[in-house]
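Asks:
Protein chains: 2
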Amino acid sequence: MATIDDVAKLAGVSIATVSRVFNNSPLVSEKARQKVLKAAEELGYKPSMPARSLAMKKTNTIGLIVPDISNPYYAEVVRGIEDVCNIYKYNITLCNADNKREKEFQYIEMLKNRWVDGIIFHCDYFSEEHYEVFKNDNIKVVLAGRTTKFDVPYVGIDNFKAAYDAVNYLISLGHKRIGIIHGPLDDMKETIDSVDRLKGYKQALIDNGLPIYDKFIKEANFKYKGGYNAAMEMLKGEMRPTAIFAISDIMAMGAINAVFDSGLSCPEDISVMGFDNIDLSEATRPSLTTVSQPMYEIGAVAARMLIKMLNGEEIDDYQIILKHKIVVRNSCISPKD
Amino acid sequence: MATIDDVAKLAGVSIATVSRVFNNSPLVSEKARQKVLKAAEELGYKPSMPARSLAMKKTNTIGLIVPDISNPYYAEVVRGIEDVCNIYKYNITLCNADNKREKEFQYIEMLKNRWVDGIIFHCDYFSEEHYEVFKNDNIKVVLAGRTTKFDVPYVGIDNFKAAYDAVNYLISLGHKRIGIIHGPLDDMKETIDSVDRLKGYKQALIDNGLPIYDKFIKEANFKYKGGYNAAMEMLKGEMRPTAIFAISDIMAMGAINAVFDSGLSCPEDISVMGFDNIDLSEATRPSLTTVSQPMYEIGAVAARMLIKMLNGEEIDDYQIILKHKIVVRNSCISPKD
DNA sequence: AATATAACTGTAAGCGGTTACAGTAAATTA
DNA sequence: TAATTTACTGTAACCGCTTACAGTTATATT
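Going line by line, the protein sequences match chains W and H. Position 20 (the first sequence) corresponds to 20 in my numbering; numbering is contiguous. To get my numbering, take the position in the second sequence, counting from 1, and add 1000.
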């Protein structure tokens, strides 16, 4: 590969001039600029990023840590991130940490050694430990899809409110016995999706003067099968709910099929509501009424914010809550009784 | 951040020794090694990748170009890639090219300037132009999920054979009127998924002495709605197929719902077969009989091959065809008549 | 015409590492 | 004990770029 020296020699100028041309410095005469451009063209020269990074202490790269890219939810977020990074000439280094603390820190360490300009971090739970690491190493970071009590920039949604609204919607339809299928709760740490959504669910019931039945609260693993099994159990026995709120669409799909396999029909006997509004939620039968999360926007806005931070631009708000909304389709109707 | 000089000073050795320690050179005394390690520990020193990359002309980074990460199919492939890259201490730079030639070349150029050690390339159609670019720039590349007639390493599946097997399966069930919903054909270029699968479909019919009806061949866009519309049209009018083969699961889901919305039932009236075996294909009702593509393995094997190439290791086979298989579920049964 | 200014241009010192090569001290060998 | 070998260690050049600073022209000013 041609280097800056080759170009300088061929163009008959110094390497400083070549560098200036490629950095759009105004300190170059038009004549010199043309000579350099011509020489570069001839040699197929493009500046080497690693060399430039070393000299400028800037890599134009953003590290991206997500739990699992093969999950459609994160894939959509990442797409949003990549799109805006591409616009601003940033590159993305992708890391799958599987929500494992150890892997996360390992990746953070590695991204640091690679001098990434900043990190977009997406995890289930942003702990104090995370906070400390980012703070001590002075790493520019924005949290995607998650809020936190720590002083860290983020863009996410209000999970509590979203679940609250969802359950309220079901109640407004006339439902009084509403089940929930939530995700793993760990140690009931705050600000996990599952915890917040579960809280929102409970609060909605309370605010409407409805009782909370433990039998109607089931934990699953965010997978289809998990949703299926949880719903199956919930539907066993005498008293069953008239509606089930699954906090992910995938689990909701499992729930719908569990309803059918229990000899009941959806939505006639049991309404099922999802969360996320993934592409396929309109493909189920019945199509899924769900809470829509703006996944692409979460990614795009987070990336935009980070890039602004890197450029030292003014930022109005470091903690952004994007709006969720209820998408009404066919899986929820008023109960018969 | 501490540099190698800081460590050298603190440890009372030269930077060469520090470098040797971090490169596991045997040319260091145990005493010196300990001093260096201690000093590094104390300063929190880790070698800078950009500097190292410049000196060694190796970035330990692999460029990854896919059409669209938000498509679950590619997301799964990417996960496979990332997992093995992580094992071998490689990093991934992710690029979404949307199957646009221009974006692809732009990204290739950019990855080159970043001195990535190699590229894993996933596109719909690998053209001569692509071949030339990779060849001229002497870029190490492996194609994922795609075969080609050019002399380029790849790991993919045999789309022709896969479609052939799928249609054969339907025929073995007793179907004689089988429709296909394929993807965009462009200019009928070779080695596009769609073209190969369409050919496999036709060949299976021919080999079984069945007629090919144009009416039963519909083009769609790999989306749910596209599959739905294509199936709807196919089901209109007098003569309709008894089975529909959609070359992606998503389109198959559309087809299933089109069957229902036509007042027919699946699989009793119309069998529907998919392609890919994405996670959700077991979540549909009826669950989807489909051709399984080993997406994760495609990614993992491609990454492993590229890394071997980068290490100059021996490689048995530069062109690997992974096995597909028919996954029998409930959406296909024998026709009534 | 001499001087000041503007407009470029080049030299050289980094950026943080790797590594060839030369040097030194200790251990072996003769 | 001297010579040779072994086992480290350090010096310095280099990787390809940026940029401060010191020129060097050409142009404008007095």
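The C-beta atom is built at its ideal place from N, Cα and C for all residues, glycine as well.
Taking the alpha helix (DSSP H) that W:C85 falls in, what are its first and last residues?
Replies: Here the alpha helix (DSSP H) through W:C85 covers P72 to I87.
Asks: Comparing C-alpha positions only, which one of W:T284, W:A144 and W:S53 sits nearest to W:Y125?
Replies: Nearest option by C-alpha distance: W:A144.
Asks: Grab the span of the alpha helix (DSSP H) containing W:E297 for me, first residue to last.
Replies: First-last of the alpha helix (DSSP H) with W:E297: M295 to L310.
Asks: Please return the same chain residues whose Cβ sits closer than 6 Å to the Cβ of H:Y1201, not counting the five positions on each side in sequence.
Replies: Around H:Y1201: A1163, V1167 and I1180.
Asks: What separation, rounded to the nearest whole angstrom, lies between the Cα atoms of W:A51 and W:K140?
Replies: Each residue's Cα considered, the two are about 22 Å apart.
Asks: Distance, Cα to Cα, W:D83 vs W:H130?
Replies: C-alpha separation (whole angstroms): 27 Å.
Asks: For W:G63 versus W:V116, is the C-beta spacing smaller than 8 Å?
Replies: Yes; because the gap between Cβ atoms is below 8 Å, this pair is in contact.
Asks: Could you work out which residues of chain H lie near W:L94, taking near to mean beta carbons separated by less than 7 Å?
Replies: Those are E1082, I1092 and L1094, listed as they occur along chain H.
Asks: Could you tell me whether any non-hydrogen atom of the ligand MG is closer than 7 Å to the CB of H:S1070?
Replies: Judged by which ligands are present, the structure shown has none, so any question about the ligand MG falls away.
Asks: Evaluate the contact criterion for the segment 286-293 of chain W versus the segment 321-333 of chain W: three or more CB pairs, one atom per stretch, below 8 Å.
Replies: Yes, they touch.
Asks: Along chain H, which residues have their Cβ under 8 Å away from the Cβ of W:I69?
Replies: Those within 8 Å of W:I69 in chain H are I1069, A1075, V1078, R1079 and E1082.
Asks: Identify the residues that DSSP records as bridge partners of W:T61: which are they?
Replies: DSSP lists W:N91 as partners of W:T61.
Asks: If we define contact as Cβ-Cβ less than 8 Å, is W:K46 a contact residue for chain H?
Replies: Judged by the 8 Å Cβ criterion, W:K46 is in contact with chain H.
Asks: If you follow the alpha helix (DSSP H) that W:G226 is in, where does it begin and where does it stop?
Replies: That run of the alpha helix (DSSP H) goes Y224 to L235.
Asks: Is the CB-CB distance between W:V7 and W:A39 below 8 Å?
Replies: In this structure, W:A39 lies closer than 8 Å to W:V7 by Cβ.
Asks: Just to check my reading of the structure: W:H122 and W:P184 have Cβ atoms closer than 8 Å, yes? What is that Cβ distance to the nearest angstrom?
Replies: Contact flag wrong, Cβ pair sits at about 17 Å.
Asks: Can you tell which of H:G1254, H:M1251 and H:L1264 has the C-alpha that lies nearest to the C-alpha of H:K1236?
Replies: When only C-alpha atoms are compared, the closest one is H:L1264.
Asks: If you check the beta carbons only, do W:I278 and W:Y73 fall under 8 Å apart?
Replies: Their beta carbons are under 8 Å apart, which means W:I278 touches W:Y73 by this criterion.
Asks: Would you mind sorting W:Q34 into buried or exposed? The rule is 16 or more other CB atoms within 10 Å of its CB.
Replies: W:Q34 comes out exposed.
Asks: Taking Cβ positions, are W:Y90 and W:I307 nearer each other than 8 Å?
Replies: For W:Y90 and W:I307, yes; Cβs fall inside 8 Å.
Asks: Keeping to the same chain, check which residues put their C-beta closer than 7 Å to that of H:F1222; ignore five residues upstream and five downstream.
Replies: Correct list, in chain order: G1183, S1248, I1250 and M1251.
Asks: For W:V152, name the three-state secondary structure that DSSP assigns.
Replies: Three-state DSSP puts W:V152 in coil, outside helix and strand.
Asks: Below 9 Å on C-beta distance, what does W:G414 contact in chain H?
Replies: Beyond the ends of chain W as shown, which are 1 and 337, falls residue 414 of chain W; an answer cannot be given.
Asks: Pull up the distance between the alpha-carbon of W:K218 and that of W:M234, whole angstroms please.
Replies: Approximately 8 Å between the Cα atoms of the pair.
Asks: Does the beta-carbon distance from W:E297 to H:S1070 come in below 8 Å?
Replies: Not in contact: W:E297 and H:S1070 (Cβ atoms no closer than 8 Å).
Asks: On a CA-only basis, which of H:L1205, H:S1014, H:D1098 and H:I1108 is nearest H:G1174? Give me that one, please.
Replies: The option with the nearest alpha carbon to H:G1174 is H:L1205.
Asks: For H:N1060, which of H:V1036, H:Y1045, H:C1085 and H:P1047 has the nearest alpha-carbon?
Replies: Minimum Cα distance to H:N1060 is reached at H:C1085.
Asks: Tell me which residues of the segment 1101-1118 of chain H have at least one Cβ-Cβ distance to chain W shorter than 8 Å, keeping chain order.
Replies: So the close ones are E1109, M1110, K1112, N1113, R1114 and W1115.
Asks: Of all Cβ atoms in chain W, is any one closer than 8 Å to the Cβ of H:Y1224?
Replies: Chain W, which has a Cβ nearer than 8 Å to the Cβ of H:Y1224, makes this yes.
Asks: Would H:L1027 be called buried (16 or more neighbouring beta carbons within 10 Å of its own) or exposed?
Replies: Burial call: exposed.
Asks: Residues in its own chain within less than 8 Å of H:A1300 by CB, not counting five upstream and five downstream?
Replies: These residues qualify, in order along the chain: G1080, I1081, D1083 and V1084.
Asks: Per DSSP, W:K323 forms a beta bridge with which residues?
Replies: Per DSSP, none; premise fails for W:K323.
Asks: Is DSSP giving H:K1009 helix, strand or coil here?
Replies: Looking at H:K1009 - three-state DSSP - the assignment turns out to be helix.
Asks: Measure the C-alpha to C-alpha separation of W:I244 and H:M1110 and round it to an integer number of angstroms.
Replies: Going from the Cα of W:I244 to the Cα of H:M1110 covers about 49 Å.
Asks: Beta-carbon of W:L280 versus every beta-carbon of chain H: anything under 8 Å?
Replies: Chain H contact via Cβ: present.
Asks: Given that H:L1054 touches chain W, what residues does it touch there, using C-beta distances under 9 Å?
Replies: By Cβ distance, chain W contributes S48, P50, A51, S53 and L54.
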